[in-house]
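**Q**
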Amino acid sequence: MTMVEVREMLFWCSILNLGLLILMFLTILSAGKWICRVHAKLWGLPEEEVRLSIYRAMATYKMLVFILCVVPYAALRIIA
199 MTMVEVREML
209 FWCSILNLGL
219 LILMFLTILS
229 AGKWICRVHA
239 KLWGLPEEEV
249 RLSIYRAMAT
259 YKMLVFILCV
269 VPYAALRIIA
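199 is the number of the first residue of the sequence shown in our numbering; add one for each residue after it.
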């Protein structure tokens, strides 16, 4: 793969992952109480703990997207 191909791949990977992150945020924003209630019953946990777990998972996903997709893409844009 050439550097241009890698840069394009990272660009589309970033776009898709950030789109998924926005979709998750909008889903939690619109149906968060229902989602937490369902998962709390499913796992037998308090709703607050489920909510915290969801936010932690989203934060971890966001960090991974930035570290593995956005930052390498920006670095390749700077050097190329």
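For each residue, glycine too, the CB sits at the ideal point set by N, CA and C.
(1) May I ask which residues mark the beginning and end of the alpha helix (DSSP H) holding LEU266?
(2) With DSSP run on the structure shown, which of helix, strand or coil describes PRO270?
(3) Mark SER212 as exposed unless 16 or more other C-beta atoms lie within 10 angstroms of its C-beta, in which case mark it buried.
(4) How about TYR271 and LEU208: do their beta carbons lie closer than 8 Å?
(5) Count the other CB atoms within 10 Å of the CB of VAL248; is the residue buried (16 or more) or exposed (fewer)?
**A** So, from the listed chains and residues:
(1) In the DSSP assignment, LEU266 falls outside any alpha helix (DSSP H) and carries neither an H nor an E.
(2) Residue state, collapsed to three classes: helix.
(3) The C-beta of SER212 has 16 or more other C-beta atoms within 10 Å across all chains shown, which makes the residue buried.
(4) Cβ distance < 8 Å, so TYR271 and LEU208 count as in contact.
(5) Buried, because 16 or more other Cβ atoms sit within 10 Å of the Cβ of VAL248.
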